[in-house]
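The sequence shown begins at 17 in the numbering used here and counts up one residue at a time.
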Amino acid sequence: MPARAAPLLLVLSSWILAVPQPAQERVEPFRGDPKALRLYRDMNAALRSAGTLHLVSDYAWYGAGAEEIGRCRYEMWLAKPNRFRIETRRSDGKPGGVLVGDGRDAWIHWPSGRPFFSTEDPKEYARTRTDQQYYRVAAPPRRHSIGHLVGLLGAGMSMTIVDPSTFHGYTDSLQPHLDGVRMLGRGCTDDGEECDIVLVSFMKGQRTWQLWLARTDHLPRRMVGTVHVRCDIVTTERWSAIELDSAIDPARFAWQPPEHFTRWFKPDHTARLLRPGTPAPDFELRLASGGTRRLSALRGKVVWLNFWRVG
Numbered sequence: 017m018p019a020r021a022a023p024l025l026l027v028l029s030s031w032i033l034a035v036p037q038p039a040q041e042r043v044e045p046f047r048g049d050p051k052a053l054r055l056y057r058d059m060n061a062a063l064r065s066a067g068t069l070h071l072v073s074d075y076a077w078y079g080a081g082a083e084e085i086g087r088c089r090y091e092m093w094l095a096k097p098n099r100f101r102i103e104t105r106r107s108d109g110k111p112g113g114v115l116v117g118d119g120r121d122a123w124i125h126w127p128s129g130r131p132f133f134s135t136e137d138p139k140e141y142a143r144t145r146t147d148q149q150y151y152r153v154a155a156p157p158r159r160h161s162i163g164h165l166v167g168l169l170g171a172g173m174s175m176t177i178v179d180p181s182t183f184h185g186y187t188d189s190l191q192p193h194l195d196g197v198r199m200l201g202r203g204c205t206d207d208g209e210e211c212d213i214v215l216v217s218f219m220k221g222q223r224t225w226q227l228w229l230a231r232t233d234h235l236p237r238r239m240v241g242t243v244h245v246r247c248d249i250v251t252t253e254r255w256s257a258i259e260l261d262s263a264i265d266p267a268r269f270a271w272q273p274p275e276h277f278t279r280w281f282k283p284d285h286t287a288r289l290l291r292p293g294t295p296a297p298d299f300e301l302r303l304a305s306g307g308t309r310r311l312s313a314l315r316g317k318v319v320w321l322n323f324w325r326v327g
């Protein structure tokens with residue numbers, strides 16, 4: 017007689033984060049206003065219309081209890097139609113990874129050695145890690161995301177707030193879920209740059225971006241990105257040294273691995289799955305319907321787990 021399936025819905029967030037200041041209230045959905053929406057669209061248009069862009073960003077993100085998770089500085093060069101370079105500096109002053117897009121592929125190498133990723137087997141990492149490894153992935157025009165690649169640089173970054181690939185014509189997956197932009201006022205940066213401050217809402221306020229948009233070129237100078245979950249995930253960026261349409265040496269966008277370098281591949285997640293017949297570890301689940309359930313209470317039944325990401 018076949019085992020009866022016992023579906024469970026488990027709601028998890030893979031991010032647990034808070035800003036280092038008093039907890040923020042959840043942003044209620046809002047309709048926004050036309051002026052703020054126009055400013056936001058002007059920002060995207062400025063990114064897409066530029067021929068080249070150079071900037072420096074001071075980046076940080078924070079965890080539950082105001083704990084800093086990571087901090088770094090990165091310098092970025094972008095050029096049409098499909099070239100890019102990001103160099104990072106870790107908070108300890110050592111160089112982080114370098115990302116280069118040559119128009120066809122994206123390359124990452126790590127001058128201070130490849131960082132450890134949580135999906136790796138620690139013993140395998142210790143055995144194979146060197147400072148002579150590289151990562152390569154296809155980066156077709158308008159279909160790559162620099163924002164998703166920077167987490168591999170080992171500099172203390174998660175994703176960027178605004179995806180730099182917007183410059184190359186990419187549309188990030190949040191944009192279809194934009195549901196409001198509203199004005200927060202005006203302000204000046206430390207160096208006197210006048211900005212309009214807008215709040216952008218996605219998914220009915222589950223995610224928000226606070227953007228300080230310079231009146232001179234419509235690009236951000238300060239950004240605060242928040243994922244509103246049980247403990248807010250807060251990322252901050254400050255852009256400086258911005259140069260639009262200046263000449264950039266094409267050599268910045270060229271990189272090939274030296275002969276002695278070896279190619280690194282992301283770990284195959286299936287390699288760490290439990291083998292058939294292996295006793296499952298016991299753990300407690302928080303149910304979407306309320307309450308909890310231990311996995312051991314379902315022994316002998318087929319259990320279907322759905323892992324949801326909210327925000």
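Just so it is clear, CB atoms sit at the ideal spot from N, CA and C, and this is done for glycine as well.
Original post:
Do R106 and G170 have their C-beta atoms within less than 9 Å of each other?
Top reply: Taking the sequence shown and counting its residues from 1, one reaches residue 106 at position 90. Taking the sequence shown and counting its residues from 1, one reaches residue 170 at position 154. Closer than 9 Å, so yes.
Original post:
Could you give the distance in angstroms between the alpha-carbon of G241 and the alpha-carbon of R223?
Top reply: Residue 241 sits at position 225 when you count from the first residue of the sequence shown. Residue 223 sits at position 207 when you count from the first residue of the sequence shown. Going by the C-alpha atoms only, they are around 7 Å apart.
Original post:
Hey, out of L301, S312 and Q272, whose CA is closest to L321's CA?
Top reply: The sequence position of residue 321 within the sequence shown is 305, counting from 1. The option with the nearest alpha carbon to L321 is L301.
**OP:** Would you mind sorting H285 into buried or exposed? The rule is 16 or more other CB atoms within 10 Å of its CB.
**Re:** Counting from 1 along the sequence shown, the entry for residue 285 is found at position 269. The residue in question, H285, is exposed, as its Cβ has fewer than 16 Cβ neighbours within 10 Å.
Original post:
What distance in whole Å lies between the Cβ atoms of D74 and R99, which are believed to be in contact at a cut-off of 8 Å?
Top reply: For the purposes of this step, residue 99 is taken as the residue at position 83 of the sequence shown. For the purposes of this step, residue 74 is taken as the residue at position 58 of the sequence shown. 24 Å between Cβ atoms; not a contact.
Original post:
Using the rule of at least 16 other Cβ atoms within 10 Å of the residue's Cβ for burial, across every protein chain shown, is T294 buried or exposed?
Top reply: Residue mapping note: residue 294 aligns to position 278 of the sequence shown, counting from 1. With fewer than 16 neighbouring CB atoms inside 10 Å of its own CB, T294 falls in the exposed class.
Original post:
With 16 as the cutoff for other CB atoms within 10 Å, does S181 come out buried or exposed?
Top reply: Position 165 of the sequence shown, counted from the first residue, corresponds to residue 181. So S181 ends up on the buried side.
Original post:
Under the rule that 16 or more other beta-carbon atoms within 10 Å means buried, what is Q37, buried or exposed?
Top reply: Stepping through the sequence shown from its first residue, residue 37 is reached at position 21. For Q37, the predicted model reports a pLDDT of 38, less than 50, meaning its position is unreliable; a value from the coordinates is still stated below. Q37 comes out exposed.
Original post:
Tell me which same chain residues have a C-beta within less than 8 Å of the C-beta of A61, skipping the five on either side of it?
Top reply: Here residue 61 corresponds to residue number 45 of the sequence shown, with the count starting at 1. H234.
Subject >> Three-state class that DSSP yields for A267 in the structure shown >> reply: The sequence position of residue 267 within the sequence shown is 251, counting from 1. In the three-state reduction of the DSSP assignment, A267 falls in the helix class, which pools H, G and I.
Original post:
In terms of DSSP beta bridges, what is G117 paired with?
Top reply: The residue you call residue 117 lines up with position 101 of the sequence shown. F100 and A122.
Original post:
Expressed to the nearest angstrom, what Euclidean distance is found between the alpha-carbon atoms of W225 and D137?
Top reply: Within the sequence shown, numbered from 1, the residue matching residue 225 stands at position 209. Within the sequence shown, numbered from 1, the residue matching residue 137 stands at position 121. For W225 and D137, the distance between alpha carbons rounds to 35 Å.
Original post:
Among L311, T278, K317 and V250, which residue has its Cα nearest to the Cα of G81?
Top reply: For the purposes of this step, residue 81 is taken as the residue at position 65 of the sequence shown. Checking every option, the nearest Cα to that of G81 belongs to V250.
Original post:
Can the beta-carbon of M239 be found less than 9 Å from the beta-carbon of I177?
Top reply: Within the sequence shown, the letter at position 223 stands for residue 239. Within the sequence shown, the letter at position 161 stands for residue 177. Less than 9 Å separates the beta-carbon of M239 from that of I177.
Original post:
From G196 to W255, what distance separates their C-alpha atoms?
Top reply: Taking the first residue of the sequence shown as position 1, residue 196 is located at position 180. Taking the first residue of the sequence shown as position 1, residue 255 is located at position 239. A straight-line Cα-Cα distance of about 24 Å links G196 and W255.
**OP:** Name, in chain order, the residues that DSSP records as bridge partners for G203.
**Re:** Within the sequence shown, numbered from 1, the residue matching residue 203 stands at position 187. DSSP lists C211 as partners of G203.
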